[in-house]
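Chains as they are written, first to last, in our numbering: chain A, 8 to 468; chain B, 1160 to 1438.
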Ligand SMILES: Cc1cc2nc3c(=O)[nH]c(=O)nc-3n(C[C@H](O)[C@H](O)[C@H](O)COP(=O)(O)OP(=O)(O)OC[C@H]3O[C@@H](n4cnc5c(N)ncnc54)[C@H](O)[C@@H]3O)c2cc1C
Ligand SMILES: Cc1cc2nc3c(=O)[nH]c(=O)nc-3n(C[C@H](O)[C@H](O)[C@H](O)COP(=O)(O)OP(=O)(O)OC[C@H]3O[C@@H](n4cnc5c(N)ncnc54)[C@H](O)[C@@H]3O)c2cc1C
Ligand code: SF4
Ligand code: FES
């Protein structure tokens, strides 16, 4: 008998006025009772609408049925047939626009809490004592993976399971990509990311950190001199954009990437960190995506009074609804229809404030999206001693400029077909490097697809 | 991994280390740099590649002890390993078409200037090196510079080494005496580079300045190293570190360099105290 409650089991969380002062995880996870109770809300629909909303087609009703039976390991096995990073995706996927948006229970009341159940299953598995993994039988072929974000990790994992000798080359000193340097500890504990990486190493994957492909070694050199038969590029979209307004290079102005990297990768939030950070007393965050929410919530935790300025309205905020909700609860201010035009300075060259122009929304254009347009002569200044620019990123041109014959879009995205094949034979790409800034699950899916294509390519060579 | 194979003190505050880093050594060119961390909790700091040996797989760095991380680095010894060492980063010095160049270095900037002078010399370019230090105790790489230059001028603020005066005085004298340079390359404190560039602008001599802003990743990912060149924002780690000296906004660069002064002062004191306790 299904549980016909109209609402999800609530996720236990740290209280807002407690958590906005620490970096520990906000959401605490279901108990076993809550998980089973929630799983019983699933109707096990024959046509599985939720699965059509999942970018990697996890067999959602099948794993939920196992949760309802209390067979959590079996549930885990079902998820990992399609996903390499369940503990990560259960936490950061925008389920509200994917699987859960298609769930029939959502027609009347709330959808099944698919993401929370995924997280529960993955955490429960990760808490089990390590069982020694069996190393796959080597097949004698070498593949290089560039970048250790979700796309690279997924590609490396699938290939290693097939017996390939995989080396992941990572520019930074730590693997994980955005999962390590971008998404904060309070949303995605770094121990989870490291656990995934340890899992890959146990499968025999070599991870070479401190290697900037294009500088330390090129793709052509890897293929010509080091015996790699195929290469997967999962280098992400890490190049920060700035607004090109006066005052943007003042002291106290950060790109969100720099701010978050100092905090997450370099642990600058810890009192004994060797890397400094300056969130000021009044921080203004420019932008409205997940990255802006993360920067804002970090600045809040470092003690600043935080305001997010966004040039459209709340309805257009691209960030996940849950993140916006969490940010508001934590006491972060929002100023909508507000567009910075200049950052003003103190005599010493530090930020003093942000001059903004009032905006209004135009009639929706052909694409249905209303454009923000400036209101004439309506300017005002917001006081600030820290400004964080979070207006997007694009792919780094380094790999394109050092790889002969690798075609990219005008904006820098690597051109690849649906299996990830680029304009170069044997060279595949996926994730943000191809699509521009997107999501963890899409990057992971692209890595898995490319792994299958690389396997086929090498086996048929 | 990145073992310190050799350590040599060049003066009380400047140390040379030879590091085992085969991949970096294979690709290194003068003008490029590396980023290192001493330990798993360390800060990432950029240092110029002072020299390299492709066949031995080694890279030489020369650093001045100015703060917490360089202090820690200086306490490491031969046989110890650096936790991280990544490079070569940035663009190499452009040497094409040059016939006669003045290399103007100041303080520890000379460690960055030396490999450039050496490379130019090896390419058959006529190199005039003008190097300045506060006093004779701080002089580094004097012989190395002499061997790589057809003219060598040593300056000090107090006159205890070479001539008394600033590098700009020496450069002006050489230019006025009729030396015609295709390019001036300057590396040192921002204030020195600013005045070198101001001087060469008057004489319309193309000038390159090597910038050393605060960096984190060194791959173009954070934008922390940005500076304004000719009215445009550039990232020193990927677009530089060398830029047209006549277009750089030095005042902005100086302000940005001071972003974390208070934190750095404290970190240095802590590091010094730590090592005192250990002793
Ligand atoms: C702050 C922030 C919050 C986010 N929140 C969410 C969220 O809640 N949910 C969600 O689904 N998505 C979120 N995203 C987006 C998501 O993280 C990305 O879409 C995803 O990580 C892309 O994966 P990737 O493998 O393509 O690249 P990345 O994760 O960007 O990893 C690329 C890796 O390649 C390395 N690299 C780059 N160039 C080189 C080179 N030349 N040589 C060697 N290594 C190189 C980089 O250092 C990096 O480690 C967020 C992103 C950010 C920045
Ligand atoms: C491309 C480049 C090449 C360099 N080459 C050399 C070199 O060959 N030899 C040498 O002695 N120094 C060099 N430097 C400067 C060197 O990186 C700094 O002296 C070092 O980071 C100081 O660290 P600290 O913790 O000891 O000192 P801190 O107390 O942290 O700082 C002291 C000074 O170093 C600057 N600094 C601090 N952190 C950084 C950082 N992450 N990146 C850049 N500057 C920083 C500060 O602005 C301050 O002026 C170079 C810098 C750059 C950007
Ligand atoms: S759509 Fe909802 S109720 Fe139906 S199977 Fe999927 S999760 Fe269960
Ligand atoms: S150091 Fe981060 S972009 Fe240059």
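A virtual CB, placed ideally from N, CA and C, is assigned to each residue, including glycine.
If you're wondering where the values come from, they're calculated on a predicted model, not measured in any experiment.
Closest Cα partner of residue i within the set the options
i                      : options                        : result
residue 66 (chain A)   : A:75, A:46, A:88               : A:88
residue 163 (chain A)  : A:124, A:235, A:112, A:239     : A:239
residue 244 (chain A)  : B:1400, B:1407, B:1381         : B:1381
residue 121 (chain A)  : A:62, A:172, A:45              : A:45
residue 442 (chain A)  : A:251, A:384, A:241            : A:241
residue 1306 (chain B) : B:1330, B:1278, B:1292, B:1316 : B:1278
residue 336 (chain A)  : A:209, A:210, A:300            : A:300
residue 1373 (chain B) : A:447, A:283, A:98             : A:283
residue 1389 (chain B) : B:1343, B:1164, B:1406         : B:1406
residue 439 (chain A)  : A:431, A:449, A:167, A:432     : A:449
residue 1253 (chain B) : B:1310, B:1270, B:1344, B:1223 : B:1344
residue 1173 (chain B) : B:1164, B:1201, B:1269         : B:1269
residue 98 (chain A)   : A:218, A:213, A:452, A:196     : A:196
residue 385 (chain A)  : A:415, A:347, A:355            : A:347
residue 1349 (chain B) : B:1323, B:1340, B:1402         : B:1402
residue 1242 (chain B) : B:1221, B:1217, B:1199         : B:1199
residue 212 (chain A)  : A:161, A:190, A:333, A:360     : A:161
residue 77 (chain A)   : A:38, A:112, A:138, A:137      : A:38
residue 1393 (chain B) : A:249, A:103, A:100            : A:249
Contacting residues, own chain, Cβ-Cβ under 7 Å from residue i (five flanking each side not counted)
i                      : result
residue 20 (chain A)   : 33, 34, 35
residue 372 (chain A)  : 378
residue 124 (chain A)  : 42, 45, 46, 71, 74
residue 116 (chain A)  : 13, 14
residue 404 (chain A)  : 419
residue 1427 (chain B) : 1226, 1227, 1230
residue 322 (chain A)  : none
residue 331 (chain A)  : 300, 324
residue 1235 (chain B) : 1163, 1197
Cβ neighbours of residue i in the same chain (closer than 6 Å, five flanking residues each side left out)
i                      : result
residue 81 (chain A)   : 73
residue 1186 (chain B) : 1247
residue 107 (chain A)  : 118, 121
residue 1204 (chain B) : 1228
residue 200 (chain A)  : 183, 186, 187
Cβ neighbour criterion (16 or more within 10 Å) applied to residue i
i                      : result
residue 127 (chain A)  : buried
residue 232 (chain A)  : exposed
residue 1438 (chain B) : Bear in mind that a pLDDT of 46 at residue 1438 (chain B), under 50, signals an unreliable position, so the number given afterwards is only what the model happens to contain. Exposed, since its Cβ has fewer than 16 Cβ neighbours within 10 Å.
residue 152 (chain A)  : buried
residue 1273 (chain B) : buried
residue 246 (chain A)  : buried
residue 179 (chain A)  : buried
residue 79 (chain A)   : buried
residue 383 (chain A)  : exposed
residue 485 (chain A)  : With chain A represented from 8 up to 468, any question about residue 485 (chain A) goes unanswered, as that position is not in the structure.
residue 129 (chain A)  : buried
residue 1370 (chain B) : buried
residue 422 (chain A)  : exposed
residue 1342 (chain B) : buried
residue 92 (chain A)   : buried
residue 265 (chain A)  : buried
residue 328 (chain A)  : exposed
residue 269 (chain A)  : buried
Beta-carbon proximity list for residue i, same chain, < 8 Å, skipping 5 on both sides
i                      : result
residue 193 (chain A)  : 26, 29, 30, 31, 32, 33, 304, 308
residue 1378 (chain B) : 1248, 1396, 1397
residue 426 (chain A)  : 435, 456, 457, 459, 460
residue 1408 (chain B) : 1386, 1387, 1388
Interface partners of residue i on chain D, CB under 7 Å
i                     : result
residue 264 (chain A) : Chain labels in this structure do not include chain D; the protein chains are A and B.
Length at least 4, wholly inside the segment 1230 to 1310 of chain B: the alpha helix (DSSP H) runs in chain order
For the segment 1230 to 1310 of chain B, whole alpha helix (DSSP H) runs of length 4 or above, ordered along the chain, are 1268 to 1281, 1301 to 1307.
Can you check the segment 289 to 322 of chain A for any alpha helix (DSSP H) of at least 4 residues that lies completely inside it and give the ranges in chain order?
Every alpha helix (DSSP H) stretch that sits fully inside the segment 289 to 322 of chain A and reaches 4 residues is listed by chain position as 297 to 308.
Could you name each continuous alpha helix (DSSP H) segment of 4 residues or more that falls completely within the segment 374 to 428 of chain A, going from the start of the chain to the end?
Unbroken alpha helix (DSSP H) stretches of 4 residues or longer found wholly inside the segment 374 to 428 of chain A: 405 to 409, given in chain order.
Distance cut 7 Å, beta-carbon to ligand 4 heavy atom: residue list by chain order
Working through the chain, the matches are A:265, B:1374, B:1375, B:1376, B:1377, B:1378, B:1379, B:1380, B:1381, B:1382, B:1383, B:1384, B:1394, B:1395, B:1396, B:1397.
Whole alpha helix (DSSP H) runs in the segment 1323 to 1374 of chain B with 4 or more residues, listed along the chain?
For the segment 1323 to 1374 of chain B, whole alpha helix (DSSP H) runs of length 4 or above, ordered along the chain, are 1326 to 1335, 1349 to 1361.
Jot down the residue ranges of each uninterrupted alpha helix (DSSP H) in the segment 219 to 287 of chain A, minimum 4 residues, whole runs only, in chain order.
You should have 226 to 232, 263 to 267.
Whole alpha helix (DSSP H) runs in the segment 41 to 90 of chain A with 4 or more residues, listed along the chain?
You should have 56 to 59, 67 to 76, 79 to 89.
Note down, one range per segment and in chain order, each beta strand (DSSP E) of at least 3 residues found wholly within the segment 1386 to 1422 of chain B.
For the segment 1386 to 1422 of chain B, whole beta strand (DSSP E) runs of length 3 or above, ordered along the chain, are 1391 to 1394, 1401 to 1403.
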